[in-house]
Amino acid sequence: MRRFITADEVRKAAREASGGEKAFIYAEKEDVVTDEARDMARTLGVVISSEITRRPCICANFKMNGGPGFMDKYAAELASCLAQFYPEYAAETDVVVAPPAPLVPVALALSNKKAIYSVAGQNCYIKESGAFTGEVSPYLLRECGADYVIIGHSERRKLFAETDALVAQKLKIAIDAGLTPIMCLGENIDDRKTAKTFAVIAQMLTALYSIPIEYSKKVILAYEPVWAIGTGMNASSEQIAEVCAFIRKNIMVKLGVDFSNAIRILYGGSVNETNALEIAVIKGIDGALVGGASLKAVNFAKIIAAFKTDARSN
Ligand code: 13P
149 MRRFITADEV RKAAREASGG EKAFIYAEKE DVVTDEARDM ARTLGVVISS EITRRPCICA
209 NFKMNGGPGF MDKYAAELAS CLAQFYPEYA AETDVVVAPP APLVPVALAL SNKKAIYSVA
269 GQNCYIKESG AFTGEVSPYL LRECGADYVI IGHSERRKLF AETDALVAQK LKIAIDAGLT
329 PIMCLGENID DRKTAKTFAV IAQMLTALYS IPIEYSKKVI LAYEPVWAIG TGMNASSEQI
389 AEVCAFIRKN IMVKLGVDFS NAIRILYGGS VNETNALEIA VIKGIDGALV GGASLKAVNF
449 AKIIAAFKTD ARSN
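So the sequence shown is numbered by this note's numbering: it starts at 149 and just counts up by one.
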């Protein structure tokens, strides 16, 4: 929905900007900035964004695939494909690779001090350390070089009975450990068929609202309809745009318009090198969480290139 940015909003942003920080108002391309607001912004030094301001994040989720030899070849191939398809990617996007946990340090070492990609864990536990056989501490992930962690993936919700309350706990400790969580949410096919998609999404968003706001600000969301994961049946642009708009509206009501405009929302579910561009231009979508197609470095590089600033603004 188109929004009007008024002089009052500009004054408020200027008042709320803390110590030396530049006041900033997030606006979508089609939002209308009134003349008075524009003048006021100039006077008060408030920046109003009317371009795509959210930096794309494209994350490969290897799930339970790959080993050291695979990782070795993958990193080299990804670097060479990106140099070919999108040499300036590092300045414009966040590229993340989430290998199985034991490969986190290996993946990091191969990324040449994060020059190729940053590394994510696929999950973490709700404690720093202790008698939790088989679990992975978010602090250890961080120590091993991860910058991100995927939280609440549908496979974990389904196969390991993860609840929204547990997801909220994981978000909080991951952030305490210095990780950026990528929180997954999405409806299953029965939810969609019975028109419960929005109710399910709203419920899953409660995890974001149950942590302190300074924490919520660090979260990246990934909308992954369960029926589109690993099925080769990606959601349509209309379906993705509709749920993305619902998420932003729900967040706007709970946490305010600035928050809702600033949070990054990725799409995941059968993203591949063929449909990536179609997904990259969906309004409000800021990247992709890619499973199967990310296992081929060349295809993952093509997906990243679909999020080129030029390609998306055409
Ligand atoms: P696919 O891309 O294989 O459908 O998996 C999506 C996913 O679950 C990423 O987290």
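Cβ atoms here follow ideal geometry from the backbone N, Cα and C, with glycine treated the same way. For clarity, every value in this text was computed on a predicted model and none was experimentally measured.
- Sorted by chain position, residues whose beta-carbon lies closer than 6 Å to a non-hydrogen atom of the ligand 13P are 209, 301, 372, 377, 378, 416, 417, 418, 419, 437, 438, 439, 440 and 441.
- Taking C-beta separations shorter than 6 Å and ignoring five residues to either side along the sequence, the partners of residue 450 in its chain run 421, following chain order.
- Collapsing the DSSP output to three states places residue 399 in a helix.
- Per DSSP, residue 295 lies in no alpha helix (DSSP H) segment and is marked neither H nor E.
- The alpha-carbon separation between residue 330 and residue 212 amounts to approximately 18 Å.
- In this structure, the straight-line span from the alpha carbon of residue 376 to that of residue 334 is close to 10 Å.
- Distance from the Cα of residue 151 is smallest, within the candidate group 264, 181, 172 and 162, for 181.
- Looking at 287, 248 and 390, the one whose alpha-carbon comes closest to that of residue 443 is 248.
- Looking at the DSSP output, residue 246 bridges to 209.
- In the structure shown, residue 329 falls within a strand segment according to DSSP collapsed to helix, strand and coil.
- Around the Cβ of residue 434, a 10 Å sphere holds 16 or more other Cβ atoms; the residue is buried.
- Contact annotation: residue 293 and residue 256 have beta-carbon atoms nearer than 7 Å.
- Along the length of the segment 311–394, whole alpha helix (DSSP H) runs at least 4 residues long occupy 312–324, 337–341, 345–357 and 361–364, reported in chain order.
- Residue environment analysis places residue 252 among the buried positions, since at least 16 neighbouring C-beta atoms fall within 10 angstroms of its C-beta.
- Cβ-Cβ distances below 6 Å link residue 345 to 335 and 339 in the same chain, with the five nearest sequence neighbours on each side left out; the list follows chain order.
- Residues 351, 352, 354 and 355 of the same chain have their beta carbon placed closer than 7 Å to that of residue 312, with the five preceding and five following residues left out of the count.
- Contact between the segment 154–166 and the segment 180–195 is present: three or more C-beta pairs spanning the two stretches fall below 8 Å.
- Residues 408 and 432 of the same chain have their beta carbon placed closer than 7 Å to that of residue 396, with the five preceding and five following residues left out of the count.
- No Cβ-Cβ contact shorter than 7 Å links residue 208 with residue 272.
- Straight-line measurement puts the Cα of residue 204 at about 7 Å from the Cα of residue 455.
- Relative to the Cα of residue 188, the nearest Cα in the group 159, 175 and 379 belongs to 159.
- Taking a C-beta distance under 7 Å as the contact criterion, residue 274 and residue 318 qualify as a contact pair.
- DSSP places residue 430 in the coil class of the three-state scheme, outside both helix and strand.
- Inter-residue distance for residue 373 and residue 190 is about 42 Å (C-alpha atoms, whole angstroms).
- By the Cβ test, the segment 217–232 is not in contact with the segment 412–431, since fewer than three Cβ pairs between them sit closer than 8 Å.
- Residue burial annotation: residue 320 is buried, with at least 16 other C-beta atoms found within 10 angstroms of its C-beta.
- For residue 217, the closest alpha carbon among the candidates 228, 230, 193 and 254 is that of 254.
- The straight-line gap separating the alpha-carbon atoms of residue 234 and residue 437 is approximately 19 Å.
- Under DSSP, residue 266 takes part in a beta bridge, and its partners are 244.
- When DSSP states are grouped into helix, strand and coil, residue 438 belongs to the strand group.
- For residue 288, the enclosing alpha helix (DSSP H) begins and ends at 286–291.
- Contact annotation, residue 370 with residue 414: C-beta distance approximately 4 Å; criterion of less than 8 Å satisfied.
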